[in-house]
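Single-structure report; data block below.
Chains as they are written, first to last, in the numbering used here: chain L, 18 to 452; chain D, 40 to 320.
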């Protein structure tokens, strides 16, 4: 016994202290190593994120700049055949391409050969004539005199102006004529670069300089809206029922397991399901945000249900007891107390699910949202595409100009995701209550 | 040396408990608010309460005492059917409130809980304003018809709970911002705002400091004028201070019931004596 042998116990006490002292060194070392490993993993993650973001941003930057060429256009009444007071329809029918070409010929009288002229004409975008037409329809006062107007340059000329083309190499992309024309225009100060508003105002196009992101942004917004409206109420109702009302039996267990299974189903399978059920069987419109939204909500449902259930589970039982003890019915307890307390968690889960849906590509390919769509969708039943699919489409295009457009679309998609995550954090902070 | 001791040793506590059949003392009373007979409670296969018969008189404070896990909270939660929320819990026997079976099919638990209020161990105010906490019960039951009436009920309830003077300037601040003792009194105010006939208290002061505890005990003294109170407590001093009758539970059995004075000064049963003299527990 200890009391009988105090000397012995003293010795063992001292040696215990020694033992603890000895072990301290290795214990602290382990802690240090762990801290170092943790910190370095964070650095590695940040490093890759930084590389990704800076790469995307650098590549995307030129997409927000548009090159325009200033030309003196002869818009006299003799040349156009219409006057400022003419009917809009007549003004629309004027051959603006001819006017642009004449202006180019006047700018460079030395270019005579047919082939050279063709090259010269191609420095202006094929969409410029429509840009000019719209400008004049909006403002018919321009007709009747010579006007200096800036027209959108072709994507190749644009790349030249942005210095993206190597002019010294053997295999240079442009013939000397285009380069000389560019140099001449540049010296005269007629090549201007401005912010590319057009990129945010138009839909897709085969010509990089005319392609815009608005169609995909609107398509994504419609799709997400449909997804949110369908999946949020259904998922929340399912989660509340399962957590608060469902009896504990085999059937409910079976449902629970299958909800978890659903979360693991590859998204392309949901796309095929959407194609087979919604488009082929129910004949819903192809390529439409409506069907895209339905398919994505199928995919998002389990995510939100699982998040909502854990949020409801985390509500302290004392809150339920307090309400029940006062004589609140089950329904009142759930909707007055449990649901509001779980709301921050449910919202966070929902927004994470929405962000997932926003970045989803594969199922939308199956239901035809990969089509080339120029028009901006006006309703959820119009053909549309979404941001990630737009990235996919542009990254697949051979034209050089689409490279920067792809990066720009990625950047906008990332901005959307950051905005949604910020919203999730804000909502969580706002609704979070302490007890 | 040790071997010889065992043969002479008196009966162990477990043996006394196993032999115990009938509650000692006066479990019944004439003017009973609650009258319960042969109550058994099971959690799944495990029996938590064995054949408990006990009456609670009108405007009486009954204290339930006993070591941890003895079933006193479980018994208390049978009285307003809070055990319904536990899926595996099963209650048999007869439990009557004013002569009506509270476990009969036609008995609505919501109505029962409006008549039998409950205060819990840990203060659990809603994460809402002080006003809304107290007003919640009257609102869901539709006890008041207009704002002025509701204001009156809230003020009266807070006054009765001895909290009004402390919070009258911040009725619209969150109830969760109050101190522990204030929160518990808020919970009591919330309970009496529904004007129940009985208040069940499950260790209402166990999470509070001595000053807050004293206030709660004072409050119980005042409340017993109007309400029947059943209180579960770990503190024997508290039971002695606030209650008229005391019931001693041990491992699911009701061992002894009697006047508080008698139970604490002259317990009739061996187990009760051992518990109150601190031999175990």
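Ideal Cβ positions, reconstructed from N, Cα and C, are used throughout, including at glycine.
- For the C-beta of residue 126 of chain D, the chain L residues within less than 9 Å are, from N- to C-terminus, 264 and 265.
- Contact annotation: residue 324 of chain L and residue 376 of chain L have beta-carbon atoms that are not nearer than 8 Å.
- Under the three-state reduction of DSSP, residue 249 of chain L is assigned to helix.
- Taking 9 Å as the cut-off between beta carbons, none of the residues of the stretch 250-261 of chain L comes near chain D.
- Across the set D/98, D/64 and D/50, the C-alpha of D/50 shows the shortest separation from the C-alpha of residue 58 of chain D.
- Close CB contacts of residue 153 of chain L within its chain, under the 7 Å cut and outside five residues either way in sequence, are with 108, 159 and 160 (chain order).
- In the DSSP assignment, residue 289 of chain D forms a beta bridge with D/292.
- Contact between residue 174 of chain L and residue 230 of chain L is ruled out by a C-beta separation of about 22 Å, above the 8 Å threshold.
- Put simply, the backbone Cα of residue 97 of chain D is about 49 Å away from that of residue 250 of chain L.
- Contact check for residue 409 of chain L and residue 378 of chain L: beta-carbon distance about 6 Å, within the 8 Å limit, so the pair qualifies.
- Looking at the DSSP output, residue 157 of chain D shares a beta bridge with D/239.
- Under the 8 Å Cβ criterion, the stretch 425-438 of chain L counts as touching the stretch 398-409 of chain L, having at least three qualifying pairs.
- For the stretch 270-315 of chain L, the full-length alpha helix (DSSP H) segments reaching 4 residues or more read 284-291 along the chain.
- If one requires a minimum length of 4 residues, the alpha helix (DSSP H) runs lying completely within the stretch 192-274 of chain D are 203-206, 219-231 and 249-262, in chain order.
- When the Cα atoms are used, residue 151 of chain L and residue 423 of chain L turn out to be separated by approximately 27 Å.
- By the C-beta density criterion, residue 165 of chain D is buried, having at least 16 other C-beta atoms within 10 angstroms.
- Secondary structure of residue 61 of chain L (DSSP, three-state): helix.
- Closest by C-alpha distance to residue 84 of chain L, out of L/208, L/118, L/97 and L/180, is L/208.
- Under the three-state reduction of DSSP output, residue 132 of chain D falls in the strand class.
- For residue 200 of chain D, not one C-beta of chain L is nearer than 8 Å to its own C-beta.
- Per the Cβ contact rule, the stretch 99-110 of chain D is in contact with the stretch 252-271 of chain D (3 or more Cβ pairs under 8 Å).
- At least 8 Å separates the CB of residue 192 of chain D from every CB of chain L.
- Under the 8 Å criterion on CB atoms, residue 280 of chain L is classed as non-interfacial with respect to chain D.
- Listed in chain order, the positions of the stretch 79-94 of chain D with a beta carbon within less than 8 Å of a beta carbon of chain L would be empty, since no residue qualifies.
- If you look at residue 73 of chain D, you'll find it in the beta strand (DSSP E) that goes 71-82.
- Residue 373 of chain L: member of the alpha helix (DSSP H) spanning 356-375, first to last residue.
- With a cutoff of 8 Å on beta-carbon distance, residue 291 of chain D and residue 87 of chain D are scored as near each other.
- Around residue 336 of chain L, the beta-carbon contacts reaching into chain D at under 9 Å are 163, 165 and 166.
- Residue 322 of chain L has its alpha-carbon roughly 9 Å from the corresponding atom of residue 259 of chain L.
- For residue 172 of chain D, the uninterrupted alpha helix (DSSP H) run begins and ends at 169-180, by DSSP.
- Rounded to the nearest angstrom, the gap between the Cα atoms of residue 402 of chain L and residue 425 of chain L is 16 Å.
- In this structure, residue 397 of chain L and residue 307 of chain L form a Cβ contact; the two beta carbons are roughly 4 Å apart against a cut-off of 8 Å.
- Comparing alpha-carbon positions, the option among D/237, D/200, D/184 and D/115 lying closest to residue 150 of chain D turns out to be D/237.
- Straight through space, the alpha carbons of residue 201 of chain L and residue 213 of chain L are spaced by roughly 24 Å.
- Comparing alpha-carbon positions, the option among L/438, L/291, L/311 and L/79 lying closest to residue 248 of chain L turns out to be L/311.
- Residue-level contact by beta carbon holds for residue 345 of chain L and chain D, with a gap shorter than 8 Å.
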